[in-house]
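> So the first sequence is numbered by this note's numbering: it starts at 348 and just counts up by one. Every residue, glycine too, gets a C-beta built ideally from N, C-alpha and C.
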Amino acid sequence: MSDPQVRTRFAPSPTGFMHVGNLRTALYAYLIAKSQGGKFVLRIEDTDQARYVPGAVEVIYKTLAAAGLEHDEGPDKDGGFGPYVQSERRELYRTCAEELVAKGAAYYCFCDKQEPDEEHEGDAPVSTGYDGRCRKLDAATVAANLAAGKPYVIRQKIDRDGTTAFHDLVFGDITIENKVLDDQILLKRDGMPTYNFANVVDDHMMGITHVVRGSEDLPSTPKYNLLYQAFGWEIPHYVHLPLIMGRNADGTVSKLSKRHGSVSFENLTSEGYLPEAIVNYIALLGWSSKTDREIFTLPELCECFNISGLNKAPAVFDYAKLAWLNGEYIKKLAPEAFAAAALPAAGFAGTPLESQWPLAASLLQSRVNLYSEIPEKTAFLHARPDFSAELYTNKKSKCDPAVAAAVLAVAIPALEKLANWDKDSLMNLLSGLGGETLHPKSVMWAVRIALAGQSVTPGGAVEIMLILGREESLKRLRTGIDA
RNA sequence: GUCUCCAUCGUCUAGUGGCCUAGGACACCGGGUUCUCAUCCCGGCAACAUGGGUUCGACUCCCAUUGGAGAUGCCA
Numbered sequence: 348m349s350d351p352q353v354r355t356r357f358a359p360s361p362t363g364f365m366h367v368g369n370l371r372t373a374l375y376a377y378l379i380a381k382s383q384g385g386k387f388v389l390r391i392e393d394t395d396q397a398r399y400v401p402g403a404v405e406v407i408y409k410t411l412a413a414a415g416l417e418h419d420e421g422p423d424k425d426g427g428f429g430p431y432v433q434s435e436r437r438e439l440y441r442t443c444a445e446e447l448v449a450k451g452a453a454y455y456c457f458c459d460k461q462e463p464d465e466e467h468e469g470d471a472p473v474s475t476g477y478d479g480r481c482r483k484l485d486a487a488t489v490a491a492n493l494a495a496g497k498p499y500v501i502r503q504k505i506d507r508d509g510t511t512a513f514h515d516l517v518f519g520d521i522t523i524e525n526k527v528l529d530d531q532i533l534l535k536r537d538g539m540p541t542y543n544f545a546n547v548v549d550d551h552m553m554g555i556t557h558v559v560r561g562s563e564d565l566p567s568t569p570k571y572n573l574l575y576q577a578f579g580w581e582i583p584h585y586v587h588l589p590l591i592m593g594r595n596a597d598g599t600v601s602k603l604s605k606r607h608g609s610v611s612f613e614n615l616t617s618e619g620y621l622p623e624a625i626v627n628y629i630a631l632l633g634w635s636s637k638t639d640r641e642i643f644t645l646p647e648l649c650e651c652f653n654i655s656g657l658n659k660a661p662a663v664f665d666y667a668k669l670a671w672l673n674g675e676y677i678k679k680l681a682p683e684a685f686a687a688a689a690l691p692a693a694g695f696a697g698t699p700l701e702s703q704w705p706l707a708a709s710l711l712q713s714r715v716n717l718y719s720e721i722p723e724k725t726a727f728l729h730a731r732p733d734f735s736a737e738l739y740t741n742k743k744s745k746c747d748p749a750v751a752a753a754v755l756a757v758a759i760p761a762l763e764k765l766a767n768w769d770k771d772s773l774m775n776l777l778s779g780l781g782g783e784t785l786h787p788k789s790v791m792w793a794v795r796i797a798l799a800g801q802s803v804t805p806g807g808a809v810e811i812m813l814i815l816g817r818e819e820s821l822k823r824l825r826t827g828i829d830a
């Protein structure tokens, strides 16, 4: 049931960062196209000149590449439907808007710009819907105003009567009364199209078959249909996605935004989340494979993705589950790859510990979900923290400060004489050290505490001695009991 | 205010009228393995918002209520 005619697009605006919600929209658009053997198009929506951010387009390219969402067409890959940057399509929008005016589906409006209403805060926003007064202007007045160079916008003319319905592949049929639809602006005073207008024009011109976007756009979709109908264009399939929510301090939820934490792809990767884990996680936010499986690579998602798995209800972003997923991906990494990636966080480079990094990394790999957890887990290797003798007390390991002192008293001379400082030699020595009086568990516990100065460590006593080396290990053991 | 949408464990979700004493995952809590911890293995806690219908039978269909979210920009 593949359909190579499918074309979807991702249309971010160049703001300089990639919200995970946008990335998820891109992911689903990509999957809808790729699961059918279709095309995935990148379009840049830069119609708001006030928001221009230098280098922002590069961020988009880099993010898509890092996430593996390779586009088939875009500003850098002409597929014959360009240009793929909206600011380069200005004249097209103007022509289209004027066409609608000619057809009676839009009109010139010379009213003053409505300033944002800042009076109303809290839960009582006020409708500022336009009253449509310029609809009544006669042709002569319009022509005169135009000739006089009077500033204007072009508005969509929507009949007050009747209803407009549309079909969505996720939400089904939705009907809205026309009287609640206002005469939205199509072409702005500066000649740029609005988001809603540019989308309709571009999606049609670029042959987009499935319009994939967030469900916050559901209420504006009837206006799209009216536009398509006015042009006489075929209406595409709509795929509205459930919103991604964040939990607020007061326990409520709202659209995921910066105040909820790290919400951009860049934030997340810089905190150590792997792109594969992020993609995997957001794929599951609002979509289900309908199996018990949780781990999916991008190619695997392409294989099993289906629109019917899309959910309608908003989904709360759960950093704990993302962290778990990240840990799963870290465990799957080849040991060398993990060691290379984790080295900066551990700070071993340029220290005496450096030669033992592969060992230390192997211990860390199953113990971290995030690279950012590494510094705290390796700090004791760089310098033993201050600790109290009470740390030696542990019932299960049959140890207390007195026992520890006895252990160290025999361990230090034995270790000083040990010929080979390797795992087997150290293990043999320590396990036979206690003799009749000291329990093996006490030996391992006391030695490890003396070495590390903390009760929980990545790795056991022997491994820590290997990482620290003979000299540093003995130094720590000698100063272990009077600390 | 108005409009639209949504509603299964704390969270992500499976479930399309009988297979449900509702399954999986995260988190949490136990137990086992382990030179500590982690990994790994085993187990536990925990949900169909409420009220009406429809039906032989509702988590599944319909209506209402309640709750939540989104929209209501010359932002995208």
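Would you be able to state if there are at least three C-beta pairs under 8 Å between the segment 503-513 and the segment 444-453?
The segment 444-453 is in contact with the segment 503-513.
> Cα separation between L706 and F695?
Using only the alpha carbons, I get a separation of about 12 Å.
> How far does the alpha helix (DSSP H) with A486 in it reach, from first residue to last?
A486 -> alpha helix (DSSP H) spans 486-494.
> If I'm right that P691 touches A413 with Cβ under 8 Å, what's the distance once you round it to whole angstroms?
Contact flag wrong, Cβ pair sits at about 18 Å.
> Taking a contact to mean a Cβ-Cβ separation below 7 Å, would you say F513 touches T568 in this structure?
Cβ distance < 7 Å, so F513 and T568 count as in contact.
> Quick check on the burial criterion: 16 or more other C-beta atoms within 10 angstroms. Buried or exposed for E810?
Buried, by the Cβ-count rule.
> For the candidate residues E435, G800, S349, Y440, whose alpha-carbon lies nearest to that of Y739?
Among E435, G800, S349, Y440, the Cα nearest to that of Y739 is on G800.
> Would you mind working out which of T355, G782, V367, P351 sits nearest Y666, comparing C-alpha positions?
Per the Cα distances, V367.
> When the Cα of Y585 is compared with those of E641, L516, K679, which residue comes out closest?
When each option's Cα is compared against that of Y585, the closest is L516.
> Looking only at DSSP bridge pairs, what is P748 linked to?
Answer is none; P748 lacks a bridge partner.
> Measure the alpha-carbon distance for R823 versus A686 and round it to whole angstroms.
Spanning the two alpha carbons is a distance of roughly 26 Å.
> Is it the case that the Cβ atoms of F544 and L528 are separated by a distance below 7 Å?
No; because the gap between Cβ atoms is not below 7 Å, this pair is not in contact.
> Under the assumption that R594 contacts V548 (Cβ atoms under 8 Å), give the Cβ distance between them as a whole number of angstroms.
Not confirmed; about 38 Å, so no contact.
> Please report the distance separating the alpha-carbon of F357 from that of C651.
Cα to Cα, F357 sits roughly 21 Å from C651.
> With respect to the beta strand (DSSP E) encompassing V544, which residues constitute its N-terminal and C-terminal limits?
In the sequence on display, residue 544 carries Phe and not Val. Here F544 belongs to no beta strand (DSSP E); instead the alpha helix (DSSP H) covers 542-552.
> At what residues does the alpha helix (DSSP H) containing A687 begin and finish?
From DSSP, the alpha helix (DSSP H) with A687 extends over 682-693.
> F364 and A376 look like a contact to me (Cβ under 8 Å); what is the Cβ gap, rounded to whole Å?
That pair is no contact at about 19 Å.
> Thinking C-alpha only, which one of A752, S789, E701 is nearest K742?
Selected option, being the one with the closest Cα: S789.
> Got a sec? Which residues, its chain only, sit under 8 Å from E468 by beta carbon, not counting five neighbours each side?
For E468, the predicted model reports a pLDDT of 39, less than 50, meaning its position is unreliable; a value from the coordinates is still stated below. None.
> Which whole-angstrom value is the C-beta distance of N369 and P359, which I expect to be below 8 Å?
Contact flag correct, Cβ pair sits at about 6 Å.
> If you count every other CB in all the chains shown that lies within 10 Å of the CB of H418, and 16 or more means buried, which is it?
Classification for H418: buried.
> Mind checking D537: buried by the 16 CB within 10 Å criterion, or exposed?
That one is exposed.
> In the structure shown, what three-state DSSP assignment does K460 receive?
K460: coil per DSSP, three-state reduction.
> Our contact map puts L648 next to L378 with C-beta atoms below 8 Å; I'd like the distance itself, whole angstroms only.
About 6 Å separates the two Cβ atoms, so the contact holds.
> Determine the closest residue to C458 out of L484, A444, R436, with distance taken between C-alpha atoms.
Out of L484, A444, R436, L484 has the C-alpha closest to the C-alpha of C458.
> Which residue wins for smallest C-alpha separation from P566, given the options T522, G554, D550?
Of the listed residues, the one whose Cα sits closest to P566 is T522.
> Report whether the distance from the Cβ of S601 to the nearest heavy atom of the ligand HEM is below 6 Å.
Inclusion of the ligand HEM in the displayed structure is not the case, the ligand content being empty and no account of it being possible.
> Please state the DSSP three-state secondary structure of H366.
Correct three-state label for H366: strand.
> Using three-state DSSP, classify K678 as helix, strand or coil.
Helix, per DSSP.
> Near A624, which residues of its chain fall below 6 Å by C-beta distance, leaving aside the five closest residues on each side in sequence?
Result list for A624: L672, N673, Y676, in chain order.
> For L773, is the classification buried or exposed, using 16 other Cβ atoms within 10 angstroms of its Cβ as the cut-off for buried?
Result: buried.
> Three or more C-beta pairs closer than 8 Å, one from the segment 781-796 and one from the segment 754-763: is that the case here?
Yes: at least three Cβ pairs fall under 8 Å.
> Can you give me the start and stop residues for the alpha helix (DSSP H) that E820 sits inside?
The sequence shown places Ser at residue 820, not Glu. Here the alpha helix (DSSP H) through S820 covers 808-825.
> I'd like to confirm the pairing. Which residues does DSSP put opposite I532 in its beta bridges?
Looking at the DSSP assignment, I532 forms a beta bridge with R502.
> Taking the straight line between their C-alpha atoms, what separation do you get for P805 and A688?
Going by the C-alpha atoms only, they are around 18 Å apart.
> Measuring alpha carbon to alpha carbon, tell me which residue in P351, Y440, T355 is nearest T394.
Ranking P351, Y440, T355 by Cα distance to T394 puts Y440 first.
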